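Below is one structure; the comments refer to it alone.
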Amino acid sequence: MKKEKVLSFIYDTLYFVASMAILILLWALISNVTKNEIPGPKPTYTVFKELMQEPFYDYGPNDKGIGNQLMSSLYRVFIGFGAGSLIAIPLGLLMGSSKLMMRLLNPIVQILRPVSPLAWFPLGLLAFHAAEGATIFIIIITSLWPTLINTAFGVSSIPQDHKNVGTAFGFSAWKYLTKILIPFSLPHIITGLRLSIGIAWMVIVAGEMLSGGVGIGFFVWDSWNGLSLEKILVAIIIIGLVGVILDKMFNALQNAFAWDK
Amino acid sequence: MMQELETIENTKPLTAVTPETAIAIKNVSVSFKTKKGVFNALNDISLDIKRGEIVTLIGHSGCGKSTLMNTVSGMVAPTSGTVTANDKIVKGPGPDRGIVFQNYSLLPWLSVFQNIYQAVDSVMKDKTATEKREIVNKNLDMVNLMSHKNKLPGQLSGGMKQRVAIARAFAISPSILLLDEPFGALDALTKSDMQIELLKLWNLANRDKTIVMVTHDVEEAIFLSDRVVVMNNGPAATIKKIVDVNLPRPRNKKDISHDPEYIKIHDELLTLLFHKFSIDD
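Listed below in structure tokens is the structure:
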């Protein structure tokens with residue numbers, strides 16, 4: 001059993017390394033074809049090392065290290081995602097447990113869900129009179145939908161068998177909520193949160209490009225203005241890696257709360 | 262294992278059965294609204310069940326036997342007529358009636374102990390946590406699941422899950438037990454063990470608990486029951502016949518099948534359930 005685990009870990013690692021090799025090879029190829037207009041892996045790595053030497057330097061509002069940029073983006077993402085979830089989960093519980101609410105609110109969800117974060121930005125500016133507020137606002141309003149929909153779906157799909165237990169043994173509303181409804185819906189809610197954090201992380205880059213200030217999105221825009229394509233590529237890699245880490249975190253959470261394993 | 266359980270059954274004295282009525286079903290009809298219109302499941306059924314009696318409801322699938330039992334549990338409200346349990350008209354589920362569902366209906370995220378504890382906690386509000394835990398442990402012990410109390414239902418076999426469900430129903434100490442095809446999903450050997458176990462529990466409770474059980478297993482019905490209620494095929498099902506089982510208790514699973522009375526009842530039930538014995542080929 002343990003030997004199999006070690007073996008599968010070795011295989012996973014090998015496949016990962018191979019996959020990265022393909023990516024770097026493709027990248028080098030494209031860089032070659034464009035005659036180094038798009039920087040290759042090597043010059044990008046040099047810039048990456050430079051940036052990593054002092055990631056948290058702070059030379060005033062428009063010149064901060066990449067670590068600072070990343071931290072302020074993560075901070076916004078968690079504020080926006082947290083606030084979005086605080087709206088989405090109770091609303092989802094409500095929609096899932098009441099057919100009336102589902103039918104009443106679902107059309108609103110369906111219409112607002114596909115709206116691009118960029119379209120929301122001016123409304124955010126209007127409401128908060130500041131770019132910071134607007135950025136967090138667009139994260140809230142674009143990342144809450146998967147959590148809302150998954151929560152509502154989870155609650156509405158509680159099997160009759162489980163509900164019968166509550167009825168037959170006279171569970172109070174509180175006991176029903178804490179021993180049946182929430183435990184059953186939790187895996188669905190976490191799946192929703194996992195999708196939501198992915199969206200939030202995607203939206204932050206766009207938001208910060210519009211808002212300016214500090215953040216990984218702003219860093220990309222700023223590097224473009226400074227014509228440092230290497231920096232942009234470094235940022236893209238970091239954005240991707242952080243996205244994977246966030247996803248893995250929620251994946252671990254999903255496994256921790258899965259009761260049907 | 263079987264021998265041992267039968268001995269336990271032998272040692273328990275039979276208490277005097279008071280002929281009081283535990284359940285009175287009076288002119289009960291049940292109809293459901295479906296997309297295709299109104300479906301009449303039960304039509305004008307009357308049945309009295311005495312305290313301490315074991316009654317099985319038998320019939321083909323979809324004949325409404327579960328629906329009839331659910332009018333007693335309170336999970337289904339009769340469209341007309343009344344059901345009285347323990348001298349009170351049934352208006353919904355209550356702690357005086359313990360239910361064992363067909364598919365165990367354990368909550369998969371709660372341990373065996375917690376599954377029972379939550380039911381006890383919900384029903385016995387005036388007891389302390391220690392008392393409630395003792396009740397759970399006592400009932401787990403009765404079904405020999407003490408060593409599995411911290412497992413999740415997903416880690417148990419079908420027979421063990423059903424024992425948890427039975428322990429849960431017993432734990433709230435109801436005077437009436439309602440079992441909806443409780444052993445239907447079990448293999449033949451486990452099923453026999455469970456039937457004996459059920460009788461053992463009934464004996465431990467001084468044969469004072471009234472048991473109503475839905476089944477489609479003729480042998481099971483005879484082995485367990487005092488009376489077998491044979492239902493007509495639905496829609497608008499009625500009681501076809503009530504067959505008395507006058508076999509002395511304790512009953513021995515192995516010997517009983519040679520008893521002439523058993524064979525007579527067995528034949529009668531088969532005739533009632535299947536009009537034609539021959540298969541046209």
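Listed in order, the protein sequences are those of chains C and F.
Residues 1 to 261, numbered by my numbering, are exactly what the first sequence covers, in order.
Residues 262 to 542, numbered by my numbering, are exactly what the second sequence covers, in order.
All C-beta atoms in this analysis are idealised placements derived from N, C-alpha and C, irrespective of residue type, glycine included.
Quantities reported herein were computed from a predicted structural model and do not represent experimental measurements.
message = Assuming contact is defined by CB atoms lying nearer than 9 Å, are Ser-307(F) and Gln-363(F) in contact in what I supplied?
response = no
ask   = DSSP on Asn-493(F), reduced to helix/strand/coil?
value = coil
query = Which of the three DSSP states, helix, strand or coil, is assigned to Asp-516(F)?
reply = helix
key: Arg-429(F) beta carbon less than 9 Å from that of Val-506(F)   = no
request  = Answer with yes or no whether the minimum CB distance from His-188(C) to chain F is below 9 Å.
outcome  = no
inquiry  = Looking at chain C, is there any beta carbon in it that lies within less than 9 Å of the beta carbon of Ala-380(F)?
reply    = yes
ask   = Using the rule of at least 16 other Cβ atoms within 10 Å of the residue's Cβ for burial, across every protein chain shown, is Arg-547(F) buried or exposed?
value = With chain F covering 262 to 542 only, the question about residue 547(F) has no answer from this structure.
key: Cutoff 7 Å; reference Ser-19(C); Cβ partners in own chain excluding five residues on either side   = none
request  = Identify whether Met-336(F) lies in helix, strand or coil by the three-state DSSP scheme.
outcome  = coil
message = Does the structure place the region 138 to 156 of chain C close enough to the region 174 to 191 of chain C that three or more beta carbon pairs sit under 8 Å?
response = yes
request  = Would you kindly work out how many angstroms separate the C-alpha atoms of Gly-243(C) and Gln-416(F), rounded to a whole number?
outcome  = 35 Å
query = Skipping 5 residues on each side, what residues in its chain have a beta carbon closer than 7 Å to that of Ile-526(F)?
reply = Ile-483, Val-504 and Val-506
request  = Could you list which residues in chain F have their beta carbon closer than 8 Å to that of Asp-161(C), in chain order?
outcome  = Phe-362, Asn-364 and Ser-366
key: Endpoints, the beta strand (DSSP E) within which Arg-358(F) is located   = 358 to 361
inquiry  = I'd like to know whether the C-beta of Arg-429(F) is nearer than 9 Å to at least one C-beta of chain C.
reply    = yes
request  = List the whole-angstrom C-beta distance separating Phe-431(F) from Asn-400(F), where the pair is believed to meet the contact cut-off of C-beta under 8 Å.
outcome  = 5 Å
message = Restricting to runs no shorter than 4 residues, where is the alpha helix (DSSP H) found entirely within the region 28 to 116 of chain C?
response = 41 to 53, 66 to 97 and 99 to 112
task = Express the C-alpha separation of Lys-514(F) and Leu-303(F) in angstroms, rounding to a whole number.
result = 33 Å
task = Helix, strand or coil for Pro-478(F), going by three-state DSSP, please let me know.
result = Before going further, note that residue 478(F) is Asp rather than Pro in the sequence given. Asp-478(F): coil per DSSP, three-state reduction.
request  = Counting only the same chain and skipping the five closest in sequence on each side, list residues whose C-beta sits under 7 Å from that of Leu-216(F).
outcome  = The structure shown does not extend to residue 216(F), since chain F is modelled only from 262 through 542, so no value can be given for it.
query = How about Val-47(C) and Pro-39(C): are their beta carbons less than 9 Å apart?
reply = yes
Where the alpha helix (DSSP H) containing Ser-223(C) begins and where it ends = 216 to 225
inquiry  = Could you check whether the Cβ of Met-336(F) sits closer than 9 Å to any Cβ belonging to chain C?
reply    = yes
request  = Could you round the C-beta distance between Thr-147(C) and Ala-200(C) to whole angstroms and report it? I think they count as a contact, below 8 Å.
outcome  = No, Thr-147(C) and Ala-200(C) are not in contact; Cβ-Cβ is about 10 Å, not under 8 Å.
task = Scan the region 391 to 421 of chain F for residues whose Cβ lies nearer than 9 Å to a Cβ of chain C and list them as they occur along the chain.
result = Leu-413 and Gly-415
request  = Can you grab the Cα-Cα spacing for the pair Gly-84(C) / Ser-228(C), in whole Å?
outcome  = 35 Å
query = Going by Cα to Cα distance, which pick from Lys-296(F), Asn-301(F), Lys-287(F) and Asp-516(F) is closest to Gly-495(F)?
reply = Asn-301(F)
Opposing strand residues paired with Leu-318(F) [DSSP bridges] = Val-475(F) and Val-490(F)
query = Can you find a C-beta in chain F that's less than 9 Å from the C-beta of Ser-97(C)?
reply = no
message = Using the three-state DSSP reduction, which class does Asn-304(F) fall into: helix, strand or coil?
response = strand
message = Please report whether the beta-carbon of Pro-509(F) lies at a distance below 9 Å from any beta-carbon of chain C.
response = no
inquiry  = Less than 9 Å between CB atoms is the rule here; does Phe-153(C) satisfy it with respect to chain F?
reply    = no
ask   = Who are Leu-439(F)'s beta bridge partners in DSSP?
value = Ile-360(F) and Val-473(F)
request  = For Met-52(C), count neighbouring C-beta atoms within 10 Å of its own C-beta (all shown protein chains included) and say buried if the count is 16 or more, exposed if not.
outcome  = exposed
Neighbour list for Pro-183(C) in chain F, Cβ cutoff strictly below 9 Å = Leu-368, Pro-369, Trp-370 and Leu-371
task = Quick one: measure Cβ to Cβ for Ile-319(F) and Val-489(F), integer angstroms, because I've assumed they're closer than 8 Å.
result = 6 Å
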